[in-house]
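Right, one structure below, let's go through it.
Below, the structure written as structure tokens:
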């Protein structure tokens, strides 16, 4: 009577499945839930900071694009805040929170018009539109709804400044974009000042 199994192996129970028990699964789900609840507010702040940073970076891109287009076209390029029904923001000219556009101002009036109106000889040409994430507040330092860029790439308006505030209104998540008349553009933390650009 020779047996291939040793007497010690006969007493060990065989484990049928190699998966998790119900208790182990419930503990893992509970831990994941707790970690999610604890990380939620920090993640929200991170997302809002990213949205404000993105809007500020879009403004830097806008100013550089407007300068390049103005030099290429010999002037006549305008940056104007968006004013459409798709965005409900206060009508103050200082509030650019809906976004902005860059266009070639062919009719010379400084405001975007699609053309085709009686008495309007030429239609303005849209170059680029930039929209801002909901909740991000963009304020211009001057109460004007547009500014022009001349043929040398100089921005109209002395020391243009824009502030970008996330919905949570945290200063450590805010940015400023500053530009001197000559066209130098800087993106700064809000604690910094645009003066002396």
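In the working numbering, the protein residues as written are 953 to 1149. By construction, the Cβ of each residue, glycine as well, lies at the ideal position given by its N, Cα and C atoms.
So for residue 1032, helix, strand or coil by DSSP? Along the chain shown, read from residue 1 onward, the residue named residue 1032 stands at position 80. Note: residue 1032 maps to strand in three-state DSSP.
Please go through the same chain and pick out, in chain order, the residues whose beta-carbon is closer than 8 Å to the beta-carbon of residue 1021, but skip the five residues on each side of it. Residue mapping note: residue 1021 aligns to position 69 of the chain shown, counting from 1. 1029, 1054, 1056, 1079 and 1101, listed in sequence order.
Quick one: grab the DSSP three-state call for residue 1090. Counting from one through the chain shown, the residue named residue 1090 turns up at place 138. Three-state result, residue 1090: strand.
Rounded separation between residue 983 and residue 1083 - CA only: Your numbering for residue 983 matches position 31 in the chain shown. Your numbering for residue 1083 matches position 131 in the chain shown. Their Cα atoms are separated by approximately 39 Å.
Continuous beta strand (DSSP E) stretch holding residue 1056: start and end: On the chain shown, residue 1056 is found 104 positions in, with the first residue counted as 1. First-last of the beta strand (DSSP E) with residue 1056: 1051 to 1056.
Does the separation of the CB atoms of residue 1012 and residue 1095 fall below 7 Å? Numbered from its first residue, the chain shown carries residue 1012 at position 60. Numbered from its first residue, the chain shown carries residue 1095 at position 143. Contact: no.
Please classify residue 1086: is it buried, with 16 or more other beta-carbons within 10 angstroms of its beta-carbon, or exposed? Taking the chain shown and counting its residues from 1, the one referred to as residue 1086 is at position 134. It counts as exposed.
Ends of the beta strand (DSSP E) at residue 1024? For the purposes of this step, residue 1024 is taken as the residue at position 72 of the chain shown. No beta strand (DSSP E) holds residue 1024; the alpha helix (DSSP H) holding it covers 974 to 1025.
Within 8 Å, do at least three Cβ pairs link the stretch 990 to 1006 to the stretch 1128 to 1136? no
Quick one: what's residue 1112 bridged to in DSSP? Residue mapping note: residue 1112 aligns to position 160 of the chain shown, counting from 1. Answer by DSSP bridge pairing, in chain order: 1131.
Buried/exposed call for residue 1032, threshold 16 Cβ in 10 Å: Locating residue 1032 in the chain shown gives position 80, where the first residue counts as 1. The residue is buried, with at least 16 neighbouring Cβ atoms inside 10 Å.
Taking only the alpha-carbon atoms, compute the straight-line gap between residue 1136 and residue 1050 and give it to the nearest angstrom. On the chain shown, position 184 is the one that residue 1136 refers to. On the chain shown, position 98 is the one that residue 1050 refers to. Roughly 25 Å separates the two Cα atoms.
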